[in-house]
Amino acid sequence: MLRALNEYNEGPTQEAYDAINTIRKRSGQPDLPTGLGHLEFRTKVRNERAIELAFDGHRFYDIRRWMIAEEEGVMQGGMLGIKIYQIPESTEYRYEPYVFETRSFSRRMYLHPFGTGEINKGYLIQNPGY
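What follows is the structure, encoded as structure tokens:
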């Protein structure tokens with residue numbers, strides 16, 4: 168609903184702010200700053216959804232639905248991990264990001280291909296790129 172209000176009105180309405188702030192209050196977070204633009208609010212809502220639904224298996228499908236998989240670091244480019252080292256003779260640790268894998272994502276991967284048997288029936292047209 169939040170994203171729909173933002174996209175439909177080409178900018179957030181008070182109703183959209185109220186809805187997201189209700190979610191944020193539940194976890195003790197401050198309200199979003201008012202006066203956000205269309206794209207800024209979209210980014211905040213997407214981040215809020217990623218945090219709220221972390222580990223629930225929604226992220227993969229959100230990325231594909233929003234068609235942001237091609238962005239660097241989402242499902243394309245260098246995927247970062249963290250190496251953790253204990254500092255010798257200390258109880259402190261050092262964290263070092265590193266690229267553990269380089270991925271590629273092409274536009275056709277947003278849609279799955281139809282089987283050849285289904286295409287040969289003559290009712291369907293194959294998805295682009297297949």
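Per my numbering, the sequence shown starts with residue 168, numbered consecutively.
Just so you know, even glycine gets a beta-carbon here, dropped at the ideal spot from N, CA and C.
When the options are compared against residue i, the one with the closest alpha-carbon
{"i": "N214", "options": "D229, I254 and R275", "result": "D229"}
{"i": "R261", "options": "R270, E268, K250 and E177", "result": "K250"}
{"i": "L247", "options": "F227, R231 and R270", "result": "R270"}
{"i": "V298", "options": "N287, N188, V241 and L278", "result": "Look at the range of the chain in this structure, 168 to 297, and you will see that residue 298 is not part of it."}
{"i": "A217", "options": "T180, I190, G245 and G282", "result": "I190"}
{"i": "V266", "options": "P255, G245 and R231", "result": "G245"}
{"i": "P179", "options": "G195, R193, L203 and S194", "result": "L203"}
{"i": "V241", "options": "E256, R193 and E268", "result": "E268"}
Residues near residue i by beta carbon distance below 7 Å, same chain, minus five either side
{"i": "E285", "result": "L291"}
{"i": "E182", "result": "L172"}
{"i": "P162", "result": "Outside the displayed range of the chain (168 to 297) lies residue 162, so it cannot be described from this structure."}
{"i": "D198", "result": "N188 and R191"}
{"i": "E219", "result": "I190"}
{"i": "M384", "result": "With the chain covering 168 to 297 only, the question about residue 384 has no answer from this structure."}
DSSP bridge partner residues for residue i (one or two, in chain order)
{"i": "I318", "result": "Lying before the first or after the last residue shown, residue 318 is absent from the chain, which here runs from 168 to 297."}
{"i": "E177", "result": "None; E177 has no bridge partner."}
{"i": "E301", "result": "Because the chain here runs from 168 to 297, residue 301 falls outside it and cannot be looked at."}
Cβ shell of residue i (< 8 Å), same chain only, five flanking positions each side left out
{"i": "T298", "result": "The chain is shown from 168 up to 297; residue 298 falls before or after that span and cannot be answered."}
{"i": "Q243", "result": "A236, E237, R270, S271 and F272"}
{"i": "E177", "result": "H205"}
{"i": "E143", "result": "Any question about residue 143 goes unanswered here, given that the chain covers just 168 to 297."}
{"i": "F222", "result": "none"}
Cβ-heavy atom distance, residue i to the ligand PLP, below 6 Å
{"i": "R213", "result": "Absence of the ligand PLP from the depicted structure is noted, as is the absence of any ligand whatsoever, leaving it without description."}
Beta-carbon contacts of residue i that lie in its chain and below 6 Å, excluding the five residues immediately before and after
{"i": "G296", "result": "R275"}
{"i": "E263", "result": "K250"}
{"i": "R193", "result": "none"}
If we count Cβ pairs, one from each stretch, closer than 8 Å, do we get three or more for the segment 168-184 versus the segment 202-212? For the pair of segments examined, the segment 168-184 was found to touch the segment 202-212: the number of CB pairs separated by less than 8 Å reaches three.
Which residue spans inside the segment 184-249 form an unbroken alpha helix (DSSP H) run of at least 4? As for any alpha helix (DSSP H) of minimum length 4 sitting wholly inside the segment 184-249, the runs are 205-219 and 226-233, ordered along the chain.
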